[in-house]
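Novice: Got a structure for you, written out below as structure tokens; questions coming shortly.
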Ligand SMILES: Cc1cc2nc3c(=O)[nH]c(=O)nc-3n(C[C@H](O)[C@H](O)[C@H](O)COP(=O)(O)OP(=O)(O)OC[C@H]3O[C@@H](n4cnc5c(N)ncnc54)[C@H](O)[C@@H]3O)c2cc1C
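Numbering (our numbering), first residue to last: 288 to 597.
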């Protein structure tokens, strides 16, 4: 039996610490509970929103007028080199379990906040690796037919920060199965700590934000690409430049609107600097950044952060 609560403040569940109340809120820890919550939404004719760790979200100040379903399917099981992880498991927990089980492959993802479900949907990645590299299959619930569907890695249609689960929102990730390789637990743990230390040294760990705000844009202008190469000593990857670099070129580092600011540590991070930024502050700053970058360089930035309740 699920426990549906009313008027629950969503800011407490987001890394931005921004967001108004959910009209209805429920935590589900099994497929049956998820189905029950979806049926509730259907009966009441209201929208549902699937919440993972809340680390890639900008929630509206008005909150969400339907039901927010927080995924707490927290199972982990290993069998040889295979590890199956429930969508609600924090990614770092899955990585720590893989280290204990002497399974290598996920170390460079250490320190990406959020759950396995959120990471699969957005094909989370860092330091040149993406989660898709070790995915064998994903199990998802089709919220329209209520059937559980299995996707092999190819069917997941992963590419830069996207997957079939982002393109077709009716699919709710239930679990992911990772194919890993046998390794040495101390070496794996060392790689995990090195990765986390590298992230901590950026000064962005634990700040009130939703991670990189914009996707790295494609750039056609040869001048911009040449400038990037001159600045970095290496050419751009596949015609893309880091969003943070181009925002920096537009001299927006530190730009503030209300309580929201472009981070001094990384220009692709919008931070809730004061702790009391509103979603509206962030939206105005986001539009300003887009407009400035478009006007100065003819490049259209696209948001990586998911906007909810707008
Ligand atoms: C400080 C910081 C650093 C970050 N660094 C990185 C980084 O290096 N690389 C990177 O890729 N990301 C990074 N991020 C962004 C974020 O951590 C990832 O996008 C993460 O994978 C989101 O997972 P989540 O569980 O928090 O998802 P949420 O924020 O809860 O949700 C994000 C989206 O996924 C959907 N979703 C969540 N769970 C499921 C599910 N089970 N089934 C279907 N849809 C679901 C939600 O509906 C929503 O649309 C960072 C964020 C922060 C705050």
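Note that the Cβ used here is the ideal one computed from N, Cα and C, for glycine as well. The structure presented is a predicted model; accordingly, all values stated were derived computationally and were not measured.
Since residue 404 is in the beta strand (DSSP E), which residue starts that stretch and which ends it?
Specialist: For this step, residue 404 is matched to residue 117 along the chain shown. Careful: residue 404 lies outside any beta strand (DSSP E), inside the alpha helix (DSSP H) at 403-408.
Novice: Quick check: what's the CA-CA separation for residue 374 versus residue 517?
Specialist: Residue numbering aside, residue 374 sits at position 87 when the chain shown is read from its first letter. Residue numbering aside, residue 517 sits at position 230 when the chain shown is read from its first letter. Each residue's alpha carbon lies about 42 Å from the other.
Novice: Measuring only from the beta carbon, is residue 308 closer than 7 Å to any heavy atom that is part of ligand 1?
Specialist: Within the chain shown, numbered from 1, the residue matching residue 308 stands at position 21. Checking the Cβ of residue 308 against ligand 1 gives no.
Novice: If residue 411 and residue 422 are in contact, beta carbons under 8 Å, what's the gap, nearest whole angstrom?
Specialist: Position 124 of the chain shown, counting from 1, holds the residue named residue 411. Position 135 of the chain shown, counting from 1, holds the residue named residue 422. Incorrect: roughly 11 Å between the Cβ atoms, too far for contact.
Novice: Could you spell out the range, first to last residue, of the beta strand (DSSP E) harbouring residue 511?
Specialist: Within the chain shown, the letter at position 224 stands for residue 511. Residue 511 -> not in any beta strand (DSSP E); alpha helix (DSSP H) instead, spanning 509-519.
Novice: At which residues does the beta strand (DSSP E) containing residue 293 begin and terminate?
Specialist: Here residue 293 is taken as the residue at index 6 of the chain shown, counted from 1. It spans 292-296 - the beta strand (DSSP E) in which residue 293 sits, taken as one unbroken run.
Novice: Let's test the definition: count the other Cβ atoms within 10 Å of the Cβ of residue 583 and tell me whether it reaches 16, buried, or not, exposed.
Specialist: Walking along the chain shown from the start, residue 583 turns up at place 296. When all chains shown are included, residue 583 counts as exposed.
Novice: Would residue 514 pass as a contact of residue 530 if the rule is Cβ separation under 8 Å?
Specialist: Start at 1 with the first residue of the chain shown, and residue 514 comes out as number 227. Start at 1 with the first residue of the chain shown, and residue 530 comes out as number 243. No.
Novice: Taking the continuous beta strand (DSSP E) assigned at residue 373, which residues delimit it?
Specialist: In the chain shown, the residue the question calls residue 373 occupies position 86. 369-373 is the extent of the beta strand (DSSP E) around residue 373.
Novice: Just checking residue 524 against ligand 1 - is the residue's beta carbon closer than 7 Å to any of the ligand's heavy atoms?
Specialist: Here residue 524 is taken as the residue at index 237 of the chain shown, counted from 1. No, the beta carbon of residue 524 sits no closer than 7 Å to any heavy atom of ligand 1.
Novice: How about residue 355 and residue 338: are their beta carbons less than 8 Å apart?
Specialist: On the chain shown, residue 355 is found 68 positions in, with the first residue counted as 1. On the chain shown, residue 338 is found 51 positions in, with the first residue counted as 1. It is a contact, given that the beta carbons lie within the stated cut-off.
Novice: Would residue 461 pass as a contact of residue 370 if the rule is Cβ separation under 8 Å?
Specialist: Counted from its first residue, the chain shown places residue 461 at position 174. Counted from its first residue, the chain shown places residue 370 at position 83. No, these two residues do not count as a Cβ contact at 8 Å.
Novice: How long is the line joining the alpha carbons of residue 309 and residue 332, rounded to whole angstroms?
Specialist: To locate residue 309, count along the chain shown from 1; it is residue 22. To locate residue 332, count along the chain shown from 1; it is residue 45. C-alpha separation (whole angstroms): 15 Å.
Novice: With distance defined between alpha-carbon atoms, name the residue in 581, 505, 469 nearest to residue 367.
Specialist: By one-based count along the chain shown, residue 367 stands at place 80. Per the Cα distances, 469.
Novice: At a cut-off of 7 Å, is residue 304 close to ligand 3 when judged by its beta-carbon and the heavy atoms of the ligand?
Specialist: You won't find ligand 3 in this model; what it holds is ligand 1.
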